[in-house]
Structure formats: C-alpha cells, structure tokens
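Here the structure is laid out as structure tokens; the discussion comes afterwards.
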Amino acid sequence: MDANCLVYTGGEVAIIAIYRSPSFDKLENFFISLNDTLNSLRAYKTIAVIGDININIISDRMDSEEYLNICFSHGLLPAHQIPTRDDACLDHDMLKTRRYVGMEYPCYRSSLHSVKPGHNQCHE
Numbered sequence: 284m285d286a287n288c289l290v291y292t293g294g295e296v297a298i299i300a301i302y303r304s305p306s307f308d309k310l311e312n313f314f315i316s317l318n319d320t321l322n323s324l325r326a327y328k329t330i331a332v333i334g335d336i337n338i339n340i341i342s343d344r345m346d347s348e349e350y351l352n353i354c355f356s357h358g359l360l361p362a363h364q365i366p367t368r369d370d371a372c373l374d375h376d377m378l379k380t381r382r383y384v385g386m387e388y389p390c391y392r393s394s395l396h397s398v399k400p401g402h403n404q405c406h407e
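For this note's numbering, add 283 to where a residue sits in the sequence shown, where the first one is 1.
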C-alpha cells in the first residue's frame, strides 16, 4: 500500500487507519491498494478511512482528485475539509455510514463543494 495501514472490522463497522509518508511521491500503488482494500470491505455498512494520508484534499491537484474519486466510488465522503497543516487538509476522516449522529441529515463538501439538497450549511 506504500503506507502503514491497520484494518479493524467488527459487526457492521470497518475502520482503516493509514499513515502515508509524504516521501512516497508515486501514488499509483497506494491508490491501487486503497481501492483493493475498500473492495474487500464493501459488505460493511459503516466504513471509516482515517489518518495522516498526506494528500491535500482541498487542492485541485490530480492526486487529490484521484484519491477523492476512489473514496467517492466506495460511498466514502470527507467528514471535514478543514486545513490540518498550514493551508492543506492532509489528515482525513472519510466516512460511509447509514447512521447520522447529531443531526437529522448529514451534509458534506466534496471537491465540487456540493451540499446535500435542502441544507445550506455544513457542520465542520
């Protein structure tokens, strides 16, 4: 995976904790491994990818778009897009869940800055 990864599964929940060093600048193997890992966990109703991924999801770079597209294709959305280091969001909480905690309906900002219809504010 070109990263350190710990996968926890229990009940209907899967959690993938990742640290990807910024010194691994070729992301192709990481993307393939992440996609394969998510494919192997698709039966779980709730999936979280958390960690220091070192990919800036609030930039327009191709690596950011590819990472987000892989996550989106598995139903994972960013829980936040707040800068975590300087002006970059490098530490992620990507979630796929059918349970909404603390609010009636969740909303999110994707790379296209979408907000769930009917909601005009995201909780960050």
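For every residue, glycine included, the Cβ atom is placed at its ideal position computed from N, Cα and C.
A buried status is given to V332, since no fewer than 16 other beta-carbon atoms sit within 10 Å of its beta-carbon. Using a C-beta cut-off of 8 angstroms, the segment 335-353 makes contact with the segment 313-324, since at least three inter-stretch Cβ pairs fall below that distance. Residue pairing by DSSP places R368 opposite A371 in a beta bridge. Under the three-state reduction of DSSP output, Y302 falls in the strand class. About 5 angstroms separates the beta carbon of A286 from that of I301, a gap short enough to meet the 8 angstroms contact definition. By the criterion of a C-beta distance shorter than 6 angstroms, R381 is surrounded in its chain by K328, once the five residues flanking it on both sides are discounted. T292 carries a strand assignment under DSSP once its states are collapsed to helix, strand and coil. Check the Cα spacing between L360 and each of S306, I330, C288, T292: the tightest is with I330. The residues I299, in chain order, have a CB closer than 6 angstroms to that of V290 in the same chain once the five nearest residues on each side in sequence are set aside. Burial of M377 is indicated by the presence of at least 16 other C-beta atoms within 10 angstroms of its C-beta.
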